[in-house]
Each structure stands twice: as C-alpha cells, then as structure tokens.
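Scroll down for the structure; my scribbles are underneath it.
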Amino acid sequence: MDEGKKTTYDVYTLHLCQWRTEFFTLVHEKVMSAVLKLVEKQRNGETIEHNQIKQVVDSFVSLGLDEHDASKSTLDIYRSHFEKPFLAATKAFYQAESKQFVSENSVVEYMKKAETRLDEEEERVRMYLHNDIASTLRKTCNEALIADHSALLRDEFQVLLDNDREEDMARMYKLLSRIPEGLDPLRQKFEAHVRNAGLAAVAKVASDAEKLEPKVYVEALLETHTQYQTLVKRAFTDEPEFTRSLDNACREFVNRNDICKAGSSRSPELLAKYTDVLLRKSGTGVEEAELDTTLTQIMTVFKYIEDKDVFQKFYSRMLARRLVHSNSSSDDAETSMISKLKEACGFEYTNKLQRMFQDMQISKDLNTGFREHIKGFQLDKHALDSTYSILGTSFWPLTAPHTTFNPPAEIQIDLDRFSLYYKNKHEGRKLTWLWQLCKGEVKTGYCKSSKTPYTLQVSVYQMAILLLFNDKDAQTYEDILSATQLTPEVHDSAMGILLKAKVLHMKPDGDKPGPGKSFHLNYDFKSKKIRVNLNISTKTESKQEEVDTNKTIEEDRQLVLQSAIVRIMKARKKMKHSVLVSECISQIRSRFVPRIGDIKKNIEILLDKEYLERLDDDELGYLA
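Here it is in structure tokens:
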C-alpha cells in the first residue's frame, strides 16, 4: 500500500468501493422498499426486528467514501438513498393518517395522538436511525402532524380557555411551539380572553361604583390576574411572550373598566384606599407575614396602574393621617410598603414619604425635650397631657384649615407654652396649626347610666364645642359659633356627629343644626363602650377631600408637563411639534399617561411665557 497516494485504499475500503460500484446501484431501491415496509408495520403497531434496519442504515453510512481522499467520508449516499425516501414516506404516512383521524375524532384526541406519534419518532431515531436525520425528521413530522392542522388546533383554543382545560392547553402549547409562529394566534386570543375576564370580574362588583369597597375591587382584579398567571406558569411554561400578553391584558382591564370610565383615575385611588385599610390599626389581628404577602399582591396591581401619580397622591395623604393619628398597624409594615414602591418607581417617587417618617421621629424627640422643659413649671393639676407633631410644609400633603378657630382656654395655655419652646429652639420658623388634624379626649363626669365616666375621642372642633357645656347645660347655635369662631359648615359637620351619637340633643328637632337651634347635654347618654370614638369623617368631608386631591393632581400634572417640555427643548434646542409631543409622552408615561391635548395646551403656555418660540416648518425653538 502506497501511503503517499490518496486514491490507494486498504482492503476493507476497497471492498466497500467495489460494493458501491458493482452492487449497490442495483439493489438499493429494493432494500429501501423493504426497510420502509418494516417501518410502516412498526408504525401500525406490529413488532419488527429493528436491528435489520440499523444494519441497513450503517451500511448506507459506510458507503460514504470520498473518492478523492480515502481518509475522508461523507453522508451523501446515506442522505440521498436513505433519508430522502424515508422522510417522503414518513410525510405521506402521517398526512394520510392525521387526515383520517381528525375526521373521526375530537381535536383534543387528535392532539394526544400527535403527541404519541412525535414521541415514537424520537424513539425511532434513538433505536435504529442515524442522528443526522433527527432534525429533518422532526421538521417533517411537525409539518404533517401539526402545521397542516394548525388552523383546526387554534380554533379549539378558545373552547379550552372558556372551559379552563389547563392540561389540554398545555398540550396545544407544546405542539404549536414546534412550528414557526405557531403560538402567535394563541397569544392574541389569550390576551383578549384575559382582558374580557378582568372586565367581567369588575362589572360583577361594580353595580354601585360610588359605594364600592376598595377591598372588593382590588380582590376582583387580583383574582383574575392570579388565575391566568397560574395558567401561564403551568400550561405555557412561563413563556415570556405569553407573560407579555398577560401583562397587556391586565393593564387594559385595570385602567379601563366599568369603575374607571374614560379619563377616570379610580383604580389608583381605590388601590391606595385598600392599602390604607391594610396599614391602619384594626382589630383583625393580621399576622405580619400575611400582611406583607398582601402588600406584595398590592404591588402586582400597582405594576399595571398607568396613573401612578394618582396613587402617590392618595397614598401620601392617607399615610399622613396614619402617622399624625398614630394609627399605623406597624412601622415595619409602613417601611416595607415604601421600600416596595421605591423598588418599583425609584427614589424620587418615595422621597417625600420617607421624609414624613423622619419628621415623626424628630417630633418624638421634640416632645421628649418639651416634657423635660416644662418639668420646672408649676403646672395646674388639670394640665394637658399633650403631644405635638411638627410637619415640614414641603413634604406633607396637607393644607391650612378652611375655617377660623378660637381654641378653648383649656388648651390655649399649653399651645402657647409649646410655641414659645419651639421658636426658641428654631428661630425664624413659623408654625401653622392644622386644627383639622388635631384630636383629643374628654371625660363625661355627668352620665347617669355609667359609674365609670365615658372617654370621648373627639376632634379639636368637637372638643371646643363640648367644653362650652362645662359652663352651662345648654348652648345656642349662635353662641357656639361666636365662642369657637368656626365657620357654619365646619361647625355643622362636627356637631352632626355629636347629635347622631346622642351626646347632645337639639331643640327644636330637625335634620341638621342651624340658626335658632339650641343644644343640650344628654345626661342619659349610653354606650356599649367606655371609649367612644367620635372623631370620624363624614361622607361630605371624604368626598371633598377626594375633590381636593384630584384638583392638586391636575395642578401637579401641568407643572410636570411644562418641566418635561422645557427639559427636552433645552437639550434639543429645536424640534418638530409632533416629535416634541411624542418625546414628552415617552418621558412622562412612567408617572401617568398624558393627554395629547394637555401637552399641546402646555406648549402654548410656554410659548406665551417665552420659554419657546415658533420656527418655520412646524418647528419649535428653545429660548434660553
């Protein structure tokens, strides 16, 4: 053997060359026909000697000699004389079988059949076929068993969704994922189905939108999300595109449903109110771990809220009340929620919330110092046990009272003493008393029905009214207004609660307080509780607070829009009007989705203020 010549073969290779040249061309068709018959028998359930087929495969592979280089081999013979007819026969077999099976059975049964056939072909490769055929065989089977019937499968998907057939949906997902773009129509149907399910869930609880409990609303949203998130996980293997479809659907039904009609921001408002319910002190005794789980669920809905500025505004107002009234379930729960919001929206979103907490800690230290300070005073035995909160104007979403007020003499002395102490510590600072947030307790030493005096928890306005009855048992409407300096609206709201609780009687009887009425101490006052909370908001006050909050949201949005427009134009110097509008939407949509009309209106305002100028060809320029 001459090793220097590539066309010189060893004896075994020489025999293969002769076999291929002299015999193979004469018998390969008959051999292949016999192989295909054996395979068809096996596909039809008969037992065959598959080693015979493996020997044929190995023989075809061994004939792949490179005539120009004896050291090399190819699969050309095997591919042209084995793979090609094998794949053609496979395609024909499954096309015929699937067509007949579909005509006689349900789609679900067909999917089970297709699954079985696909598994069998994978096993066939492992048993006696060459690995080279695996990919093309899989593709051939996918076309015959899945692609040719994909429309039929997709039509059945809605039926499976409607009937919660999770296992069958998983089966369909697995099959259609094997063909190009097989899942796109499923994702579209899934998204539409989830959106409709969410809208239906909200409609079910939305019979009276004004009286809707925040808890009921949020739980309806969560129930839908949880149901279909579980489906995505179990049936669709958490596939990112199905997750995206779920997110798109949830974003739609969370922001546009029967509760939040076009332009309404009810979803973020109700979500904030439900969060407030969870974080307030209550008698439910919810475990901290359970509370944190629920707060995490709150963040699931929050993720889909488009008007995150609305949630922020309502949440901050409610947090302010919880902190001022020491009504939080726990500091840990409060800080946990703020951390969750910070993670979702960044530092700027929660900066004021964190500063509110800092103010409360500073106030605690200040009160400790004040108590030490007054220890040297000769205090009256009836001196107040008072606590003061100093709240920074820049961080707290609170406004000055809408009424004049003359504090009762019983508390004025303590107020003056604290004011002097504070101003000596912080020269130049001004204190504005937020009377609407002040509260206290008064004891009833006059009730015939109870040996133990009742403790009435009241607002400072109610306290001012009740303390007048220390002097005499009856007071006229006019005398109370004169003594307290309250506006009629504020007085009537505070008095209305005292009358409803029957702490006082009104003469003559009527629907509400007014001129010409007199009020009398009720010596027969009774309550099941020794501590009676009368410091509660009326529906009118709550409604007004919602109106005020929504008003500040709109005002803040104007400033945000103008700031964004100026920031963009300062960086770009000049822009097309339409491009500026698009860029503005892109920058702001993480806080809220601005209306195009509002953007255009604020562009006009900035033009009038000469921050911008009009240029030719519908362009705007920045004026430094």
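Here the sequence shown is numbered in full-length UniProt numbering, starting from 1 and rising by one per residue. For every residue, glycine included, the Cβ atom is placed at its ideal position computed from N, Cα and C. Computed from a prediction, not measured in an experiment: that's the story for all the values here.
query	result
Between the CA atoms of A147 and R171 - distance to the nearest angstrom	15 Å
Beta-carbon spacing of V458, L466 below 8 Å	yes
As assigned by DSSP and simplified to three states, the class of K448	coil
Between the CA atoms of L221 and R195 - distance to the nearest angstrom	11 Å
Length-filtered (3 minimum) beta strand (DSSP E) runs lying within the segment 458 to 520	474 to 476 and 504 to 507
Proximity winner among R178, A483, S590 and V61, relative to L118 (alpha-carbon distances)	R178
Straight-line Cα distance separating L160 from D132	37 Å
Pair within 8 Å by beta-carbon distance, K573 and G621	yes
Simplified DSSP state of K574, which is helix, strand or coil	strand
Whole-angstrom distance between E554 and D307, CA atom to CA atom	12 Å
Alpha-carbon spacing of G510 relative to L498, whole angstroms	14 Å
Element boundaries [alpha helix (DSSP H), containing G369]	F347 to I374
For E122, the residue or residues it bridges with in DSSP	In the DSSP output, where bridge partners are listed per residue, E122 has none listed.
Through-space distance from I603 to R322, alpha-carbon basis	39 Å
S62, DSSP secondary structure in three states	helix
CA-to-CA distance, T136 to M32, given in whole angstroms	18 Å
Nearest neighbour of T393, chosen from M356, K375 and T403 [CA to CA]	M356
Selected residue, minimal CA-CA separation from E610, among K500, S590 and Q562	Q562
Beta-carbon proximity list for A206, same chain, < 6 Å, skipping 5 on both sides	D258 and I259
Continuous alpha helix (DSSP H) stretch holding Y217: start and end	P214 to A235
Counterpart residues of residue 626 in DSSP-defined beta bridges	This structure gives no information on residue 626, because the portion of the chain shown stretches from 1 to 624.
Identified DSSP bridge partners for G621	K574 and E613
C-beta atoms of V61 and L38 nearer than 8 Å	no
For N142, the three-state DSSP class (helix, strand or coil)	helix
Integer Cβ distance of K439 from H325, believed to fall under 8 Å	7 Å
Cα-Cα separation, K340 to K303	11 Å
Paired residues, beta bridge with V532 - DSSP	L456
Segments of 4+ residues assigned as alpha helix (DSSP H) that fall wholly inside the segment 545 to 601	577 to 588
Exposure of K517, with buried meaning 16 or more beta-carbon neighbours within 10 Å	buried
Among I411, G198 and R234, the one whose alpha carbon lies nearest that of E223	G198
Proximity to Q55 [Cα-Cα], best of M127, E241 and K211	M127
Per-residue DSSP class, three states only, for R280	strand
Local Cβ density within 10 Å of T484, reported as buried at 16 or more and exposed below that	buried
Nearest candidate by alpha-carbon position, reference E29, set D58, K84 and G45	K84
Contact between the segment 529 to 538 and the segment 489 to 509 (3+ Cβ pairs under 8 Å)	yes
Beta-ladder partner(s) of K439, from DSSP	S459
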